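Residue numbers (this note's numbering): 61 to 367.
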Ligand SMILES: Nc1ncnc2c1ncn2[C@@H]1O[C@H](COP(=O)(O)OP(=O)(O)OP(=O)(O)O)[C@@H](O)[C@H]1O
Ligand SMILES: [Mg+2]
């Protein structure tokens with residue numbers, strides 16, 4: 061595995077090489093994305109993000125609280141518009157949510173008055189799928205996340221981990237090409253989290269959907285990812301990209317993964333992400349944070365070119 065930025069180099073090669081179908085290998089392309097929320101003062105959440113996500117890739121966005129991970133994911137899912145730059149999916153500009161993009165949030169966001177099956181059927185209802193077909197798909201998808209037999213229960217009758225599984229089933233039901241997941245296991249206990257990580261990897265290995273997964277958990281990132289993109293504290297910028305080429309299936313506690321975790325903690329320390337900034341958010345220790353970040357970004361850029 062490399063802490064240098066070899067994946068970006070690989071992504072650029074596949075997009076701009078001589079293969080005429082190369083563009084089809086890129087699921088998302090984000091160019092010069094910025095996002096400023098209005099206010100007094102305005103909040104610059106993201107600044108000049110360039111990112112490509114390959115089809116079938118498991119990409120993890122990692123960074124401290126407030127660095128813009130959710131904002132970036134919402135832009136990819138069409139729930140937010142960037143204030144600068146462009147974001148495309150399969151070569152077309154992203155305009156609003158799409159059934160191709162399944163989204164899973166930190167809390168499963170299930171409707172409490174609907175049964176689990178009816179929650180899972182929601183996207184299919186919006187697509188106009190006939191009732192019998194919807195029922196069958198909901199039952200299949202719930203079975204694929206270990207919830208067979210729970211179709212007629214209501215969300216309050218399920219444990220937190222089961223609700224998360226139902227949230228994943230709801231995202232999978234429309235057969236999306238992509239799963240966009242925002243700290244989907246953040247609210248469950250440690251053992252359930254480990255179990256859900258395994259289940260997600262099995263689903264991913266079976267279907268090879270493109271996954272963009274947000275977390276601030278370093279162990280989770282190295283266990284799941286093909287590539288980890290570390291964002292700097294606000295404004296979020298791509299600070300480092302890390303290729304995780306440890307073979308799958310991965311073993312927790314494997315030395316290669318532990319070494320990578322240590323390297324990532326080093327990067328987060330470099331960013332000051334393990335210390336509280338003056339505004340109560342994790343932030344760079346230096347007063348000239350943006351200068352530091354630019355230097356780091358320049359260095360990262362050189363690493364790509366040298367890779
Ligand atoms: N709708 C909004 N209006 C104003 N500011 C916002 C809005 N959404 C996000 N922000 C600000 O943008 C910045 C990035 O927020 P975001 O939620 O993307 O961070 P995050 O990396 O997902 O954090 P966390 O790990 O805590 O979930 C924060 O400073 C936040 O206060
Ligand atoms: Mg968030």
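Virtual Cβ for every residue (Gly too), placed ideally from N, Cα, C.
As the structure is a computational prediction, the values presented were derived from the model and not from experiment.
_If contacts are defined as beta-carbon pairs under 8 Å, then residue 285 and residue 118 qualify, I think. What distance do you get, rounded to the angstrom?_
6 Å
_So, for residue 314: in the same chain, excluding its five sequence neighbours on each side, which residues have a beta-carbon less than 8 Å away from its beta-carbon?_
306
*May I have a chain-ordered list of the beta strand (DSSP E) segments no shorter than 3 residues that lie completely inside the region 214-272?*
238-242
*Which word fits residue 269, buried or exposed, when buried means at least 16 other C-beta atoms lie within 10 angstroms of its C-beta?*
buried
*Looking only at DSSP bridge pairs, what is residue 274 linked to?*
Beta-bridge annotation (DSSP): residue 274 is paired with 121 and 242.
*Check whether the Cβ atoms of residue 206 and residue 259 lie closer than 8 Å to each other.*
yes
*Could you check which residue in 109, 146 and 324 has the C-alpha nearest to that of residue 129?*
109
*asked:* Does the structure place the region 181-190 close enough to the region 239-252 that three or more beta carbon pairs sit under 8 Å?
replied: no
*Mind checking whether the beta-carbon of residue 129 lies closer than 7 Å to any heavy atom of ligand 1?*
Under cutoff, so the answer is yes.
*Starting from residue 111 and walking both ways along the beta strand (DSSP E), at which residues does that stretch end?*
103-114
*May I ask which residues mark the beginning and end of the beta strand (DSSP E) holding residue 145?*
144-149
*asked:* Measuring only the C-alpha atoms, how far is residue 210 from residue 122?
replied: 33 Å
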